[in-house]
Structures are given as structure tokens and as C-alpha cells.
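As you go down the protein sequences, you meet chains A and B in turn.
Mapped onto my numbering, the consecutive letters of the first sequence carry residue numbers 760 to 1184.
Mapped onto my numbering, the consecutive letters of the second sequence carry residue numbers 3 to 513.
The structure under discussion appears below in the form of C-alpha cells.
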Amino acid sequence: MFDYSAFSFADKEELYAKAKKFWNPGKVDFWRGEGIDLVIDRREGYYLYDIEGRRLIDLHINGGTFNFGHSHPELVETLKLALDHFDIGNHWFPSAARTAFAEEFLKTAPGMDYCVFGAGGAEAVELAIKSARYATQKRRIVSIIKGYHGHSGLSVATGDDRFSKIFLADRPEEFAQVPYKDLDALEAELKKGDVAAFILETIPATYGFPMPTAEYLQGCASLCRKYDVMYIADEVQTGLMRTGHMWGWQAYGIQPDIFVSAKGISGGIYPISVACMTDRCAAWQKEDGAAHITTAGGSELGCVVGLKVLEMLQRPEIVANVHAVAQFFADGLGEIQAQNSDIFGGIRQKGVILGLEFEHPEGAVYASKALYEHGVWAIFSSLDKRVLQFKPGVVLDAPLCQEILDRFSAAMPTLRKKLASAPKH
Amino acid sequence: MSGSDTTPRMLTPDVAAARAGQMLNTARWAADSFAKMDNETVRMVVKAMSEAGFAKAKDYAEWAVRETGYGRVAHKIMKNEGCSRGIFEKYGDLDFVAPRISHEAKTVELARPAGVVFALTPVTNPVATVYFKALLAVMTRNAIVISPHPGAKEVCADAVRTLAVAAQSAGAPAGLIQVVEEPTIPLIDHFMTSDDVDLIVATGGPAVVKAAYRSGNPAIGVGSGNAPVLVDDTCDLRKAAKYIVDSKGFDNSILCTNESTILAFESVADQLLQQLKNARAHVCKPQEVEALRKLLFTDSGFNVDMIGKDASLIAEAAGFRAPGAEILVAPVELIQPEETLVREKLCPVLAFGRVDDINQGIAAARSVMRKSGKGHSAVIHSTDERRILSYANAVPALRIVVNVGCSLGASGFETHLGPSMTIGTGFAGGSSVGANLKPENFINMARIAYNKSDAEPFGVFEGLARDTVAAPLPAIHTFPSTAPSAPQAGGEMRAELRQLIQEELKAILTA
Ligand SMILES: Cc1ncc(COP(=O)(O)O)c(C=O)c1O
């Protein structure tokens, strides 16, 4: 009996049956099909507990949402104290919390002038695209093949067909895609003169974190300058110190016109997102400040939490910890990779963003499963299933990192067996 | 803020405790990586720390006196030097890395650092204790977080930074030596009770020591001192008087090993008083003794304003003059704890009582230590080994120093006890250690032990390093491990390789 006083379930089977019936049959079936029988219940730090009690170490952290782990005490206390004074607020009016958050946020992003708030990542991307269109008075948006920017109307149109066609939401005439790391293809699109923005995840997450070079990103930025196209950096997964810098674009020495932050800025406890932009891109707010309305966007509680997230991330000891974690996994996974290179092909890494390549078209699906059996939860990349997303949080400590590595190492023989019996694609 | 209401409209969490937790994480990273270093690196790090500390010995001595108002610069310089270069000279050549092989015992010992050490340092010997604990911790490959007494936090924070910079430039990981810049009771409590601390080394008042032991973490705490000094009729009184005055005057008595009460044999008491005067002690008249008693002991205990002050200033504060005196000697009738002057006095005031013989001397020494000072130090000036032995056997001290000043004798600088700023007071003194703190206190030993039987021969460990098993060679190495490879790059070759690998795997599995 899982009793939550307001609701209860007799057992996991009942929960699954009802989840299928009332919620989302596809997701329920998919995970069970994969042998991942996880219903997340209690959570604490980097631990997740299944409803039946099994503990998992969270290396998925929902793309940086749980950068500080789950229910980080300082963040939780911040939110609790904020609730004594604030609620989501009224989006129409100037607000102390929103103003303070915008001001602090901008201090982390030299070159930017305004914060426009939303509630989720897709909404912030939406805002970014709208703002770029207003600024340039052009319509077309260019993104990369296998890019991922969320699922709202405009953001989903930038992404993979899988997510747009099903809803008839693909808009080929307004949205073009070019191959990643192909500056010529990008230029060919931009040249057409009708492009408002080029949007790019600084390191494409759902594609499995193929690492850009600084030259590539700088090349993109300068092509945008050349054709007066707004460069939108999607920092939803690469921001917030995950690259070892506050923002990924800073790690690569580029200056976008707009960048987007979500997930981790909420501390995983109160949704908020930000489209941070130059004066030029934010100019619509002078013409009509209410041209974009969002009741839950920029909620005051989210602002207070976001402020705390930024403050914590800038503490020298946390920055040092990010580097320690990054170095630890670079060394430790490097060793394991060398010992298991028949199945574990390579490591992509920038800071605490890692993509691990496995030697099978769906290698990461099997790796995810093997790790799951060994008490670690890390998810494959939806758009390149060879690559496992391996995303340690910024305040992981040394003993837990060692435990992750030991578990990872122990999972390798299991993975080898799974791959040997996997169907060849 | 509107009007006069100054309370914030919204509250935010206390950041200090959260940051404390992260300091311990940082320390853990540093301890883990430092534990893997070889002896030569460790030695170079310790040497660099000791040299950096030595170079700043004078600056910090002056700063400490300025910040705390306690003690004497010249003596603090000596302590700072003794606890930097002195400690390196004493212990620098010890190897806590190499396996220790014993053929007789058929064992191999591997030093296992504690890990993260949390150290409390006192206001009385601020910098010397910082140096001492940091050097010992690092010498044994531990990380250390130092929480200085708030009264000396600035000089200590600077001293820690000096050591940390030196250590890092000699190859130590960042964060190996850290300081709590703003120590507060809740913050110290947070550290002490944290699961991420492996060992607490507490020096301070009894409250601090008890708190350390109550914390639930392994702890080395040391209690307070109150050393009796027995002077019999077989010693050289002139030398004894000189030792006593120099020791009691040393840094104005703020080492916990300073002398508390002289117990002089009646037959030599007057001569001893004369010799003390010759050695620049001021021997107080009865009304001066009364004034001192009133000045030094208030209802709430010892008057902390007098800690480590010059003798002449204390005399002035008590209403009499003792210009140029190194120490004040206060003759008392009663040698029992109810006579406050025989209690611990961290200032150059020395009680003076008379005893008829060794038996009375022992009883008096026990009386002096009844209220405080158990497990700490005692002194005897004598050449009669029987008396020395029975005195040592009967007083509740764990170091009984002979014909030497107690300040630097019991703390091991002028004896062979091992120079220490941390004096183990043993079970009687509420501590787990009874000797002067040494590097060994910061490690455990892992022991490889073979079957005693001759049927199982002992292995040959000579020439092997700690971690000698080489990493297995990669089976089939396909990609450089750190190459940030893009999936489209070399796609064809990789497909080919994968094919090869899969065939190989299949071959292995069907074999
Ligand atoms: C890079 C990137 N951009 C945007 C989004 C969309 O964010 P949200 O799910 O909050 O709408 C995501 C979500 O996974 C993302 O990874």
C-alpha cells in the first residue's frame, strides 16, 4: 500500500494500470518494455528512490534541472521562506522579485540587456524566436538537424520531425535545418536574406552531446553577424556552470544575441525560464510590453529560487567542485573506457556534460539498462541512441563520484552480455 | 524598507552552514587526491608549508599579539618558528607512504590517512597551533579545515592562506588546507557533527573539548592544564628558579603547560624565593596577594582580560607596582582548590606554597590538580630519583618533566616528548590520547597479516609501491578516450570497426 493521504495505491501494478488508463499509455509501456520499472518516489540529493524503495543515483538530472540534486536543502528553504511573502505574482505589474532576479541574472551575462521570463524552456525559446523576428522583421528560423528546443508551436518546428509531424506542426517554409558543424550549409541558408534567427544548443543534448569546436560556434556567430541574423544560444542544458562556466557560450568565447535558460534555473523546485537578450531583440517591449503574456511565466517564487541558484553557482567552492567532478570523471571514465573499449567507444566531455559512446546503434539504451541494474540512472540520447547522457550534478561529492565509477565499472560485463545478444540493426 | 521597521519582508536561509558543507566536499576531493601522492611530493609540500610559515613567523607573532592582546611577540616568534621549520626538522623525514614491512611479524603496514580533519585552534597560541595541526595533518596526507578561535580569526585565516598557497605551489591539490573565516558556535557545531568529518582535533577550553567528544565523530580533544612544581632540597635552587621564571614568563604564561603553583620544601623555601627574585620575579606582599586574588578571579571565573598580560601590567591593575618583573609570585597558605590562586592562570602569576616533605608535596600537587589539570603536566626540580618516581606515580599528570621549565618542557620543545601545541590529557583529562600530539595521531594503519605458520611463507614486498597492479590493457581500442568525436566524423570507418568488434565479440562468446 502506497499511502499519500490524499491518494493511495494498493501496489505498483495498480499504479501502472491507472497511469496507463488516465495518464499516458505510451510512456508507461515504453519504460516497462525497456525493463525500467521506475516510479520515482522519495528523492534526496543525487538519490532517487523507486516507490518500492530501491535507490538509484541520478545522473539524468533531467538535463541539469537537478543540477544541485533533488530537494537541495538551501533551495527548499529559500522557497519555503519565499512562500511566506510571495506567490506567483501578477505578470502585469512591476515586481520586486522579478526585477531583482533580472538584474542579478544580467550580471552573469555581459552584453545582454533584458530578461524576458517564461515558465518552461520551450516558452523561453518561443520568446527568443518571437523577439528575433521582431528585431529583424524577418520570418525564417534556421536550426540544426537533430537540434532540440522544446515542444511548443515555434520551438517544436525547429526540431526533429518525430515531434512535429505527428501534430502536423512542421513548418518547412518557415523553418529550415542544416547539418551540425556545417558552416557552408548554414551560410547557404542565411544568404537567402529572409532569416530572422539561427538557434543552436551550445552542445546539442538530445543529439548526444557531440562537442562543437570554438571555431565552429564562432563561425556560426560571425555568419549571423554577416547576414544580420540573430544568434540564439539554447543554454537550457549547457548553462548554469555545467560547462565549468556560467554559460556555455562564455566557455566558447561567443556572444549570442539571445540565450535561453530553463530547467536548472528553477532549482528543480519552482518552474521558471529566461530568454535573455540584447536591447535590440527586446525592443518589442517598448512598443507593446504586453505583446507576450504568460501568467505563470516569471513567477515571483521562481525568481527568488532562481536568484538563489545563481548565487550558489557563483560561490568559489562550488565552481571548484564542478572542476573536481569534471576532472574525476575525465580520469576515471577514461580508464574504464580504455579497459572496455570493445563496447565503450569514446567519451565526449565539456565540464560535467558527458556523452558516452557505446558500440551499437542502440548501445546507450542497453547501457542505460545495465547501469539501472547497477543502481545508476542515466538516460540515452533520444536522437542518437548510441550515446548515453552522463550528467553529474555540480555539488556531487568525492565519495559518491567514486561510487558511481565503481558501479559503472561493475556494469560493463553486464552491458557486454546485453550487447552480445542484442539484435543487430 | 518603509518606516522604522528594519526586519526584512522576506527571509533567506543561513548561507554559512551550507557553505560549510561545501568546504568539506572540497576537502574530501583534496584528501582523496593527496592520499595518492608519493612520499617525495608530500615531503616537498610539507617543507614548502614549513618554510612559508617560518618566513612569516615574526609578522604573525606581531599580528597575533595585536589582534588578541595576549602574550609576547618575541616568544610567539619562537613558537611559530618551532611549529613550522621545527616541526619539519623533527618529523619531515618520516615516511607515511611506503609500506612498512616486518619479516618477524609477517606483516605489512599501510598508513591510512584519516581523510578530512577538522581542527579547532585556540586564541592563546593561535598561529603556532594552526601551523602545528596543518603540518601534522598534511604530513600524513590528510586535508584539514581549521576553525580558529574567533578572537584570533584574522591572523589565523591569513596564516592558513599562507600555508595553503605554499602547499599548492608545491603540488598539493587546491582545498587541502582551508579555514573557517567566520567561526560561530552553530557553524562549528555543524562541522563537528558532520558525517563528512573524519577526525576532530580540538584545542581550547573544556567546553570545546567536550563538544568535540559529544559530536559522535572520532575526536582528539585535550583538556586544560594546571601544573604543580615541586622543588625539593636536592636540586640546584638557582637553576630551578631560573627555569621557573623563564617558563612562567614565556609568552606570559599562555601555553597550557605553564607552571601554576610552586610547592617548595620548607627547608629551602626562603632560599628559593630569593633565587626567584634574583631571576626577576616579584614576590608579592600579603596585601598584594589579596589584590591579585580579587583581580584574577571573579564570580564568573578567571578574568580573561588578564590572559597573557605582562606581569607589570597585572600588578598595576591590582594596584601595586612591579616594574620590570617577569612574573609575580604569590605566596599562599592553603594549597587546596578553594584557594583560587592555585588554579590555572594563563598569566605570569605563580602561586607559592610550602610543604614539609615529599609526601606532603605529593598530596599538595594532587590538591592543585583536583579541580583542573588532570592528565596534563607536572614538574619536579630534584635529583632524587626515588622522589621523582613516586611523585610521577602519584600525581594525575601524564607528563612529569624534570629540571626544566614546564612551558617548553611539557610541550616537548626542551624535552624529548615531541614538540607539540596539543597536549593529550588522556582518560583522566577527558581525552582519548595521553601523549603530545604526533603525526601518528592522524593515521590508522592497515595491516597485511600472514598466517603465523611456517607452512605459509611471508611474501616479498620489498621494492613494491602501494598501488602496483597495472591497469589491464585495452582489449580492442577503437577511439581515443578523450576525443570529442562528432558522430558524422569518420562514420564509415567507425561502422567498419564496429563490425569488426561485433565479429570478434561473437567469436569470443561462441568460443
Ligand atoms: C536544449 C533544450 N532546450 C529546450 C528544452 C525545452 O525545455 P522545457 O521542457 O522546459 O520546455 C529542453 C528540454 O529538454 C532542452 O533540452
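By construction, the Cβ of each residue, glycine as well, lies at the ideal position given by its N, Cα and C atoms.
Do residue i and residue j have their CB atoms nearer than 8 angstroms?
{"i": "T259 (chain B)", "j": "I79 (chain B)", "result": "no"}
{"i": "F415 (chain B)", "j": "N144 (chain B)", "result": "no"}
{"i": "C349 (chain B)", "j": "I382 (chain B)", "result": "no"}
{"i": "T142 (chain B)", "j": "F98 (chain B)", "result": "yes"}
{"i": "I962 (chain A)", "j": "Q936 (chain A)", "result": "no"}
{"i": "V1063 (chain A)", "j": "F845 (chain A)", "result": "yes"}
{"i": "L294 (chain B)", "j": "I246 (chain B)", "result": "no"}
{"i": "M989 (chain A)", "j": "D1016 (chain A)", "result": "yes"}
{"i": "G303 (chain B)", "j": "S314 (chain B)", "result": "no"}
{"i": "K347 (chain B)", "j": "G431 (chain B)", "result": "no"}
{"i": "M1000 (chain A)", "j": "K1109 (chain A)", "result": "no"}
{"i": "A50 (chain B)", "j": "S171 (chain B)", "result": "yes"}
{"i": "G1023 (chain A)", "j": "V1068 (chain A)", "result": "yes"}
{"i": "D386 (chain B)", "j": "D234 (chain B)", "result": "yes"}
{"i": "T70 (chain B)", "j": "G153 (chain B)", "result": "yes"}
{"i": "D817 (chain A)", "j": "Y808 (chain A)", "result": "no"}
{"i": "G117 (chain B)", "j": "F252 (chain B)", "result": "no"}
{"i": "N446 (chain B)", "j": "R114 (chain B)", "result": "yes"}
{"i": "R368 (chain B)", "j": "A396 (chain B)", "result": "yes"}
{"i": "G1012 (chain A)", "j": "G1114 (chain A)", "result": "no"}
{"i": "E885 (chain A)", "j": "L913 (chain A)", "result": "yes"}
{"i": "A18 (chain B)", "j": "E833 (chain A)", "result": "no"}
{"i": "G223 (chain B)", "j": "Y215 (chain B)", "result": "yes"}
{"i": "G55 (chain B)", "j": "T123 (chain B)", "result": "no"}
{"i": "A1097 (chain A)", "j": "L1174 (chain A)", "result": "no"}
Please report how far the alpha carbon of residue i lies from the alpha carbon of residue j, in whole angstroms.
{"i": "P482 (chain B)", "j": "R1107 (chain A)", "result": "With a pLDDT of only 34 at P482 (chain B), under 50, the local geometry of the prediction cannot be trusted, and the value read off the model is given with reservation. Looking at the two C-alpha atoms, the distance is approximately 11 angstroms."}
{"i": "G1105 (chain A)", "j": "F1117 (chain A)", "result": "7 angstroms"}
{"i": "H1133 (chain A)", "j": "Y975 (chain A)", "result": "38 angstroms"}
{"i": "P476 (chain B)", "j": "D1101 (chain A)", "result": "Low local confidence applies: a pLDDT of 48 at P476 (chain B) is under 50, so the model's placement there is unreliable, with the coordinate-based value given in what follows. In a straight line, the C-alpha of P476 (chain B) is about 8 angstroms away from that of D1101 (chain A)."}
{"i": "T109 (chain B)", "j": "S433 (chain B)", "result": "30 angstroms"}
{"i": "D16 (chain B)", "j": "H910 (chain A)", "result": "38 angstroms"}
{"i": "K373 (chain B)", "j": "G225 (chain B)", "result": "12 angstroms"}
{"i": "G823 (chain A)", "j": "P175 (chain B)", "result": "27 angstroms"}
{"i": "I309 (chain B)", "j": "V125 (chain B)", "result": "10 angstroms"}
{"i": "P1075 (chain A)", "j": "F922 (chain A)", "result": "40 angstroms"}
{"i": "V915 (chain A)", "j": "R468 (chain B)", "result": "56 angstroms"}
{"i": "A365 (chain B)", "j": "V291 (chain B)", "result": "23 angstroms"}
{"i": "A26 (chain B)", "j": "M194 (chain B)", "result": "The sequence shown places Leu at residue 26 (chain B), not Ala. Looking at the two C-alpha atoms, the distance is approximately 11 angstroms."}
{"i": "K92 (chain B)", "j": "L137 (chain B)", "result": "11 angstroms"}
{"i": "L13 (chain B)", "j": "N1080 (chain A)", "result": "27 angstroms"}
{"i": "E1070 (chain A)", "j": "T837 (chain A)", "result": "12 angstroms"}
{"i": "R282 (chain B)", "j": "F354 (chain B)", "result": "15 angstroms"}
{"i": "S981 (chain A)", "j": "K924 (chain A)", "result": "32 angstroms"}
Which residue or residues does DSSP assign as beta-bridge partners of residue i?
{"i": "F267 (chain B)", "result": "B:V357"}
{"i": "M447 (chain B)", "result": "B:A113"}
{"i": "R146 (chain B)", "result": "The identity of residue 146 (chain B) in the sequence shown is Ile, whereas the question assumes Arg. For I146 (chain B), which the question treats as bridged, DSSP gives the partners B:V119, B:I179."}
{"i": "A221 (chain B)", "result": "B:I202"}
{"i": "V829 (chain A)", "result": "In the sequence on display, residue 829 (chain A) carries His and not Val. In DSSP, H829 (chain A) forms a bridge with A:G804."}
{"i": "Q936 (chain A)", "result": "A:S902"}
{"i": "V331 (chain B)", "result": "B:V285, B:L352"}
{"i": "S1020 (chain A)", "result": "A:V1033"}
{"i": "L959 (chain A)", "result": "A:A992"}
Taking 8 angstroms as the CB-CB cut-off, is residue i touching chain C?
{"i": "R21 (chain B)", "result": "Here chain C cannot be found, since the structure's protein chains are A and B."}
**Asked** Which whole runs of the beta strand (DSSP E) in the region 1023-1102 of chain A are 3 residues long or more, in chain order?
**Response** 1032-1036
**Asked** Quick one: any contact between the region 403-414 of chain B and the region 226-243 of chain B, if contact means 3 or more CB pairs under 8 angstroms?
**Response** yes
**Prompt:** Taking one C-beta from the region 23-41 of chain B and one from the region 99-119 of chain B each time, how about it: are there three or more such pairs within less than 8 angstroms?
**Reply:** yes
**Request:** Can you check the region 229-264 of chain B for any beta strand (DSSP E) of at least 3 residues that lies completely inside it and give the ranges in chain order?
**Result:** 229-233
**Message:** Would the region 1157-1170 of chain A count as touching the region 783-794 of chain A if we require 3 or more Cβ pairs under 8 angstroms?
**Reply:** no
**Message:** With a threshold of 8 angstroms, are at least 3 pairs of Cβ atoms found where one atom belongs to the region 126-136 of chain B and the other to the region 80-92 of chain B?
**Reply:** yes
**Prompt:** Within the chosen definition, does the region 1023-1037 of chain A reach the region 878-890 of chain A through at least 3 CB pairs nearer than 8 angstroms?
**Reply:** yes
**Complete runs of the alpha helix (DSSP H) confined to the region 1103-1180 of chain A [at least 4 residues]** = 1122-1132, 1157-1179
**Request:** Quick one: which unbroken beta strand (DSSP E) runs of 3-plus residues sit fully inside the region 843-918 of chain A? Chain order, please.
**Result:** 873-877, 899-903
**Request:** Could you name each continuous beta strand (DSSP E) segment of 3 residues or more that falls completely within the region 336-399 of chain B, going from the start of the chain to the end?
**Result:** 351-357, 379-383
**Prompt:** Curious, which full-length alpha helix (DSSP H) runs of at least 4 residues does the region 19-71 of chain B contain?
**Reply:** 41-57, 59-70
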